[in-house]
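Just so you know, the protein sequences line up as chains C, E, B and H, in that order.
Here the first sequence is numbered in the working numbering, starting from 1 and rising by one per residue.
Here the second sequence is numbered in the working numbering, starting from 1 and rising by one per residue.
Here the third sequence is numbered in the working numbering, starting from 1 and rising by one per residue.
Here the fourth sequence is numbered in the working numbering, starting from 1 and rising by one per residue.
Where is the CB? At the ideal position from N, CA and C, for every residue including glycine.
Have a look at the structure below, then the notes.
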Amino acid sequence: MTLSHDELLEVQRRMLRIRKFDERASKMVKRGHIPGTVHTSIGQEAQVVGATFALQDGDYMSGNHRSHGHPIGKGAPLGPLMAELTGKAAGVCKGKGGSLHLADFAVGSLGESGIVGSSIPIATGAALSSKVLGRPTVALAFFGDGAANQGVLYESMNMAGVWNLPMIFLCENNQYALSTPAHTVTSGVIADRAAGFGIPGVRIENGQDFFAVHDAVKSAVDRARAGEGPTLIEVVTYRYNEHSEGLRLSVDYRNAEEKAEWLSRDPIVQFREALIADHGFTAEELDALDADVLREVDEAVAFSDASPFPEKSVAFDDLFTDTTYVETLSRQERAAFEQKEEVPA
Amino acid sequence: MTLSHDELLEVQRRMLRIRKFDERASKMVKRGHIPGTVHTSIGQEAQVVGATFALQDGDYMSGNHRSHGHPIGKGAPLGPLMAELTGKAAGVCKGKGGSLHLADFAVGSLGESGIVGSSIPIATGAALSSKVLGRPTVALAFFGDGAANQGVLYESMNMAGVWNLPMIFLCENNQYALSTPAHTVTSGVIADRAAGFGIPGVRIENGQDFFAVHDAVKSAVDRARAGEGPTLIEVVTYRYNEHSEGLRLSVDYRNAEEKAEWLSRDPIVQFREALIADHGFTAEELDALDADVLREVDEAVAFSDASPFPEKSVAFDDLFTDTTYVETLSRQERAAFEQKEEVPA
Amino acid sequence: MSVMSYLGAIGAAQREAMDADERVIIIGEDVEANVYGTTGGSGKSRASEGDFTQKYGRNRIRNTPISEEGIVGAAAGAAMTGLRPIVDLSYSSFLYMAMDQLVNQVAKNRYMFGGQASMPVVFRSAMFYGLNTGAHHSDRPYPMFMNVPGLKIVAPASPSDAKGLLRSAVDSDDPVLIFEACLLWGSKEDVSEEEFWTPLGVARTVQEGTDVTVVAISSSVPEALAAARTLAEEEGVSVEVIDPRTLVPLDKEAILKSVAKTGRLVIAEPAHRTCGAAAEISAMVAEEVFDSLKAPIARITAPDMQIPFSPALEKQMYPDRVKIAAAIRRTVGVAQRA
Amino acid sequence: MSVMSYLGAIGAAQREAMDADERVIIIGEDVEANVYGTTGGSGKSRASEGDFTQKYGRNRIRNTPISEEGIVGAAAGAAMTGLRPIVDLSYSSFLYMAMDQLVNQVAKNRYMFGGQASMPVVFRSAMFYGLNTGAHHSDRPYPMFMNVPGLKIVAPASPSDAKGLLRSAVDSDDPVLIFEACLLWGSKEDVSEEEFWTPLGVARTVQEGTDVTVVAISSSVPEALAAARTLAEEEGVSVEVIDPRTLVPLDKEAILKSVAKTGRLVIAEPAHRTCGAAAEISAMVAEEVFDSLKAPIARITAPDMQIPFSPALEKQMYPDRVKIAAAIRRTVGVAQRA
Ligand SMILES: Cc1ncc(C[n+]2csc(CCOP(=O)(O)OP(=O)(O)O)c2C)c(N)n1
Ligand SMILES: Cc1ncc(C[n+]2csc(CCOP(=O)(O)OP(=O)(O)O)c2C)c(N)n1
Ligand SMILES: [Mg+2]
Ligand SMILES: [Mg+2]
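And the structure:
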């Protein structure tokens, strides 16, 4: 399939948004403006947007600890995402999820999972809904090379296979799980694991190439939507930053040569070159886009800055749909949490 | 490899023991002499003994709810097994495990698991011990076609693969998990799942043929012992009885034709015929064996009958290696469990 | 009204819920063949034919692989996207397989996502204790789920409650774990054949009394009632028996009111002692109506031991009428001595 | 003696245990690179080089795939066949992934098999609450394991205990779960550089007192101490602070003796309230020394809520010195009014 000029521009915009958003978030962690940590997708943008751009509105996706930017790939505005990372009231989850547990239902993001592997069956369940209710939607689960060793992936692939669900399992193989090189803990090839579960498995060696990723995911999405069942796609890619921002490991588990090689194949630079060489874009137009995206990120930070922190009582909302539960918390307990020293009579 | 005359006789003895032991156990359940239920291996004897006979003394194995007879395959005496099924003090687990949770450490049985799939990593851990401690022992996990959809199998295969453990994963594919036909819940072919985890996968279509099973398992065991890593073996077989004794389902999920076909290829009858046709055995010799095994089973029942039930206090043993814990049970509690109405002062 | 068994009442509630809302599906191992007796025809006992499958089709009656973690996760994802699944996990001991999904996804998603998700899903499982099925098939793990905020927890003790609470659970937009008790499967009573909903969070006073309160959970309810009867007849002790029915949210007011009246509390439950529901109820009472208490609070529970297989060993592990009666006597007696 | 941090003390204990017994191995995610700071060189804090791997080799320092259920099961199987594994599960929230293995295999095997198996394995994990890591990384799930007979449960609150209890855990032939607290990682004190073993099942009286007993768990211990100091200085209240150190087996005698003396009990712990350790301790005291009690027992715990990410929300969720002091005042005050 070919993408229009506007679509190609939108692809580059989304990849840039992820890059710039994460670069800013990285700084904010280091300055203490974002509490906790964030896991960036810098270096993996082609893989993210290659996948999300193959989905339609209404399609579902789930992610892991490194997926706070994936809603951007699906078209989400930046402000509520940034406000979520800072724990503000205007955050897309009211500040209750943060970078690790962010969901954006408006764009079909059913949520990240801080628990590695744990959101794979969630997306599978969304695919099941589509099937049972006869809806034309598909679901995609993002997970890492590390997550590929969690058993629940295979339970999910088997269920999706036997029920012929409209499902894509997308492994973001950035070759490391924290400090652990994938090849030291992974027996066999991840994409090859699909065959034993009766579903197609595809390995994309050059995950820095948007087109390669997008083509593969688009075919899988089309198959799924046509009722032809699930696909496992393994995308080989690389994260530029440390596992998480602020983390400092004493052991350097990735060598300089390897890093340099991957940096030389930057997905955004490559895509820009392709746009100019093959798709009639001008450097000026793309420079303007860069600037535009930087402005968008500034605005997102401003949006976050302008938002207050949530009221303390928000900590007691949203556990259940009904509120009677909160009333069953004991008197002492509620008093204690309001830091009152005396119990109400 | 070829087995000696004595070994072949021993194979038939063990298969017969399993058959006759289980036939007796089935009756005992129906008469209320065995509490709870049992899951028989009747029909699957070639698969069980084909595997256990390929192991050596000192090798480990783990099983599932249907494995109370597997220690027989590894040479265990019948009495303590039968006494376990009846919940007697002389049971191999003092009557605390029963048919579903029986272990016989004397023959390397690390235990069944009533939880489907749950004992697979246990055997994998035994293989890890062998590796770390430099022992020449191997480990084998028995599990069903149903268990093959539990994620922990794939976690275990991956670990065994990446660590090159002396491990055999043996799937007893009797084609049904309780009322559920394997093909309705299994996507792809179980044996084919090995490849994606970088280990050899073997499917034995005729699991009623002792030699076929034994050859395949023996090769895998030899490989494992030689430090060449794990193997997945899927053996296609059939259980003659209902899922468990006493269970009556209103739906007949297996048809009469299928049953008749499998009954016509009985593993023990086939093996007997082969012994006579190809290995110089006489019918008399084998008839004598039949009688001998029936006598052994009678003796096992007599052994069980002669054993008392365990003392009530045995329920409070064996939780921990030290006994201080029991002393921490509250006074009321201990009093209550002795059915005393008054608390000691 | 008609006489229904506990198991039949569950089947009836499932049928009503399936009829009432197309989004309700049943998902679990061996549900197609009605192996556990709640997806069959008659609705009164183990059914003679597996007719949920015939009636609702395989699209809504989903026979699954043995993959509890995957099933629970898929049901959660489905609940977040428009279905209202009833997941049949058969034995309660199998819940551990799906613990991550239950705790990290089912219980947390709505909260973490600031209310974007709702999680209308029911997890049914039966506590199979007392039947010589050994340690892997005899667990009563509801207390550990009580320590997980975000799960509603139900333990019906009668056929009517089995029916009415299940309907409320299915209609709840929050996740509900229902712990059934196979020891109660055969218990029978008149149950309305009309649709009805028993609210979550409201205790049932099974019997009124003035001398001592017994809070009993699940299969301890009939045992407590039997103990109460013996004590009334033989010793003239008036026992109030309360069945909380839902453990989360817990009807604290009902318990506190009763203890304020009687001044004495015995709690009976089939779970292990340490950190059980009885511990929570005891602690709650000791905090809230301490001054009303005339005697120590007594807990009658399973001891902190695993469950042995042998029939010679297992019976002693659970609360029964004898132990409950003894505890009541002790509690009343202590006060008399005071 | 030398000044050691809590984290350094854990590292020191692991090194000693590895040196003492060849059968001890360490197995877990990212242990090779010492990501969590207990498999490094210095033993005092986060180490500058990952030298457990250099010293003991990859045969004994096993960096694993992310497969918690498989890892825990393999460690159990290894423990049953001659090894004595220390499993590093990093965050306590990941234990749920391995729940089936922990409950059904690790806790039950020895019992079910009539003593044929022994299970010398240690599972370490850290409770990472209070650091804005959100609901998936802030759990304090030790209470649910207390309801599982067959697991010993340890929650060290000081560097010395972190070292001494870990050595006892490794030497125990039974499975031990150690819940560390990252809030305590940096806390420092003089710790012996000699080998020593702190027995499991023996509480530590952190401070003696006469007016009220505070039982505090894990990171609540320093908070309770701070509250006790304030109350002593400002209001002349004499507080006895007890750290149970091991939750299973629990040193009931130490707690009962103290409450018999003071007549008042406050329990502080970071876990959720319902069915927590505090509930158990409260119930146990209300059963055993009811007559000594002069005031209601107070529990200061996390509420039955999940943990929100935002720093504006999270801090209020845990017991701190202010809440504990308020509870002590209430407990002492009530008695004065009586
Ligand atoms: C169940 C679970 N185990 C361990 C962790 C700790 N952890 C967080 S991220 C991570 C590495 C994940 O690697 P991968 O799946 O490849 O994703 P990546 O970070 O490389 O994108 C680990 C081990 C976790 N969050 N959840
Ligand atoms: C985790 C778990 N889920 C479900 C069950 C209930 N159950 C017991 S045996 C069985 C079928 C097992 O089938 P399979 O693995 O093929 O073994 P088979 O009985 O055919 O030998 C089921 C579903 C269980 N014991 N454990
Ligand atoms: Mg990775
Ligand atoms: Mg089977």
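Asked: Give me the chain H residues within the contact set of residue 282(B), using Cβ-Cβ distance strictly less than 8 Å, ordered along the chain.; Found: 279, 282, 283, 286 and 287
Asked: Give the residues from the region 145-165 of chain C that approach chain H closer than 7 Å (Cβ to any Cβ), ordered along the chain.; Found: 146, 147, 149, 150 and 151
Asked: Between residue 248(E) and the rest of its own chain, which residues show a CB-CB distance below 8 Å, the 5 nearest in sequence each way excluded?; Found: 242
Asked: Helix, strand or coil for residue 39(B), going by three-state DSSP, please let me know.; Found: coil
Asked: Relative to the C-alpha of residue 309(B), which candidate in 100(E), 43(E) and 70(E) has its C-alpha closest?; Found: 100(E)
Asked: For the structure I just gave you, are there three or more beta carbon pairs, one from the region 136-147 of chain C and one from the region 103-122 of chain C, closer than 8 Å?; Found: yes
Asked: Note down, in chain order, every chain H residue with its Cβ under 8 Å from the Cβ of residue 290(B).; Found: 293, 295, 296 and 297
Asked: Which chain H residues are close to residue 318(E), counting only those with a beta carbon under 7 Å from its beta carbon?; Found: 110, 111, 114 and 115
Asked: What are the boundary residues of the beta strand (DSSP E) that residue 190(C) is part of?; Found: No beta strand (DSSP E) holds residue 190(C); DSSP gives it neither H nor E.
Asked: Using a Cβ cut-off of 7 Å, pull out every chain H residue sitting near residue 177(C), in sequence order please.; Found: 66
Asked: Could you tell me which of 191(E), 8(E) and 82(E) sits nearest to residue 234(E), measuring between CA atoms?; Found: 191(E)
Asked: Have a look at the DSSP bridge pairing and note the partners of residue 134(B).; Found: Partner(s): none; residue 134(B) has no beta bridge.
Asked: Using the Cα positions of residue 199(B) and residue 165(B), report the straight-line distance between them to the nearest angstrom.; Found: 7 Å
Asked: Out of 28(E), 33(E) and 70(E), state which residue places its alpha-carbon closest to the alpha-carbon of residue 48(E).; Found: 70(E)
Asked: When you compare each of 42(C), 302(C), 168(C) and 116(C) to residue 227(C) by their alpha carbons, which one comes out closest?; Found: 168(C)
Asked: Is the beta carbon of residue 60(C) within less than 7 Å of some heavy atom of ligand 1?; Found: no
Asked: Starting from the Cα of residue 127(C), find the closest Cα among 117(B), 120(B) and 73(B) and give me that residue.; Found: 73(B)
Asked: Rounded to a whole number of angstroms, what is the C-alpha to C-alpha distance between residue 68(H) and residue 157(E)?; Found: 14 Å
Asked: Note the first and the last residue of the continuous alpha helix (DSSP H) segment covering residue 160(H).; Found: 159-171
Asked: Tell me the DSSP bridge mates of residue 131(C)?; Found: Answer by DSSP bridge pairing: none, since residue 131(C) is not bridged.
Asked: Could you confirm whether any beta carbon from chain H is found closer than 8 Å to the beta carbon of residue 118(E)?; Found: yes
Asked: Within 10 angstroms of its Cβ, does residue 30(E) collect 16 or more other Cβ (buried), or is it exposed?; Found: exposed
Asked: Residues of the region 196-228 of chain C in Cβ contact with chain E at a cutoff of 9 Å, in chain order, please.; Found: 196, 197, 198, 199 and 201
Asked: Are residue 168(H) and residue 125(H) close, meaning C-beta to C-beta below 8 Å?; Found: no
Asked: What span of residues does the beta strand (DSSP E) with residue 235(H) cover, start to end?; Found: Not the beta strand (DSSP E): residue 235(H) falls in the alpha helix (DSSP H), residues 220-235.
Asked: Run the Cβ filter for me: residues under 6 Å from any heavy atom of ligand 3, listed in the order they occur in the chain.; Found: 144(C), 145(C), 146(C), 174(C), 176(C) and 177(C)
Asked: Beta carbon of residue 116(C): closer than 7 Å to some heavy atom of ligand 1?; Found: yes
Asked: Which of helix, strand or coil does DSSP assign to residue 344(H)?; Found: In the structure as shown, chain H begins at 1 and stops at 338. Residue 344(H) is therefore absent and cannot be evaluated.
Asked: Is residue 178(B) helix, strand or coil by DSSP?; Found: strand
Asked: Considering only the beta carbon of each residue, do residue 89(C) and residue 309(C) sit closer than 8 Å?; Found: yes
Asked: Give me the subset of the region 290-312 of chain E whose CB atoms are less than 7 Å from a CB atom of chain B, sorted by chain position.; Found: 309, 310 and 312
Asked: Using a C-beta to C-beta distance shorter than 7 Å, which residues of chain E count as neighbours of residue 82(H)?; Found: 129 and 133
Asked: According to DSSP, which residues form a beta bridge with residue 232(E)?; Found: 169(E) and 201(E)
Asked: Going along the chain, which residues of its own chain have a beta-carbon closer than 7 Å to the beta-carbon of residue 170(B), five neighbours each way excluded?; Found: 17, 24, 84, 86 and 122
Asked: Could you tell me the boundaries of the beta strand (DSSP E) in which residue 302(B) lies?; Found: 298-302
Asked: If we count Cβ pairs, one from each stretch, closer than 8 Å, do we get three or more for the region 105-116 of chain H versus the region 97-114 of chain E?; Found: yes
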